[in-house]
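Single-structure report; data block below.
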Amino acid sequence: MKKVFRKWGLPVVVLGALSLLLYACTKNNSAEPAEVPDGKQRVAIKLTDAPGVFDQVFLDIRKVEVLVDTCTSSRDDDDRWDDRDRCGWWEDRRDRDDDKDCSVWDSLAVAPGVYDVLKLRNGVDTSLANGVIAKGKIKSIRITLGDNNSLVKDSVSYPLKSVNGQMKIIVKVRHSEWDEITPDNLQLWLDFDVQRSIVQVRAGKFVLIPVIHVWTLKTTGSVSGRILPKDAQAVVSVFGAGLDSMYALPGRDGEFKIRGLKAGSNYSLFVNAGNGYRDTTITGITVERNKDTKIPTITLKK
């Protein structure tokens with residue numbers, strides 16, 4: 069684990085997640101929504117981002133759509149698929165739906181533009197897209213990227229391209245897992261996994277392999293705290309048995325927050341320290357749904 073962020077020889081990721089539209093950054097904005105017309109439902113998608121060892125990561129967001137099965141109204145009638153399928157992929161045959169009479173791609177309101185996703189970290193998110201769509205079971209989210217995707221590492225800019233030239237990302241979702249503000253007002257979060265979404269294939273060349281986690285406030289919890297001193301340049305990871313590790317880079321005052329964690333009592337927190345400071349591990353952390361687990365301030369020693 070210690071080498072993941074420090075060694076450039078290993079694949080390093082960035083989309084970490086569309087965690088992107090910085091015109092409305094917020095912790096959680098769930099004001100009472102307006103009335104929804106009959107036969108419609110309102111959806112809101114928020115974006116947050118896991119950290120990466122880059123100065124900046126720019127994504128060119130052009131369009132956001134959702135695939136709605138208008139023939140299925142029961143929210144308990146979700147398809148069965150493994151959680152590993154929750155990651156994003158580039159659009160291909162898996163994006164096609166056999167029942168074209170029932171399946172509708174509905175566009176959401178989005179502000180097209182190039183956004184630095186690495187500004188969305190330590191509990192910060194932003195509104196990615198929202199709108200009133202056809203009523204039914206939401207099956208997928210499709211995000212269309214433009215051509216102006218890039219990253220900055222050590223003050224040098226590099227272009228970002230997909231492996232196969234596709235610029236449409238598909239994210240599978242279960243309709244029943246959206247947070248319900250009211251029955252016809254739904255919201256969820258997309259978290260781009262920076263650690264796995266951008267891969268360096270050779271010197272000066274990076275490709276996008278989108279890995280996006282889906283979570284909601286009601287079904288997951290968070291872990292937060294503070295790491296001192298700030299010159300330790302720490303990388304924080306939270307992990308549990310059979311679960312993916314999730315990361316944070318402490319902010320200016322050492323604060324960090326990792327969200328979207330499944331409820332459980334077997335989590336550990338690992339502080340990967342630099343500048344001669346010793347690594348630290350804390351075990352036995354409990355995560356509860358819709359709650360933040362606060363870790364006492366960790367002061368690293370040399």
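The numbering of the sequence shown is my numbering, which starts it at 69 and goes up by one.
Glycine included, C-beta positions come from ideal geometry on N, C-alpha and C.
The Cβ atoms of valine 185 and aspartate 117 sit closer than 8 Å to each other. Inter-residue distance for proline 105 and valine 282 is about 27 Å (C-alpha atoms, whole angstroms). Here threonine 367 is exposed: its Cβ has fewer than 16 other Cβ atoms, across all protein chains shown, within 10 Å.
Within the DSSP bridge table, the entry for threonine 288 names Lys330 as partners. Its chain contains Ala85, Leu86, Ser87, Ile113, Lys114, Leu115, Thr116, Leu196, Ile209, Val239, Ile280, His281, Val282 as the residues whose beta carbon lies nearer than 8 Å to that of leucine 258, once the 5 sequence neighbours on both sides are disregarded; these appear in chain order. In terms of Cβ geometry, aspartate 247 and threonine 284 form a close pair [threshold 8 Å]. For serine 265, the enclosing alpha helix (DSSP H) has its first and last residue at 262-265. A distance of 8 Å or more separates the beta carbons of valine 262 and valine 231.
For the 8 Å CB-CB criterion, glutamate 133 and serine 175 form a contact. By the CB criterion at 8 Å, asparagine 216 and valine 178 fall outside the cutoff. Apart from the 5 residues on each side of it in sequence, lysine 131 sits with its Cβ closer than 6 Å to the Cβ of Thr212 in its chain, given in chain order. Threonine 138 and alanine 202 do touch by the CB rule: their CB atoms are close to 5 Å apart, below 8 Å.
About 10 Å separates the beta carbon of valine 269 from that of isoleucine 277, a gap too long to meet the 8 Å contact definition.
Of Gln234, Val303, Gly289, Met235, the smallest CA-CA separation from arginine 327 is found for Gly289.
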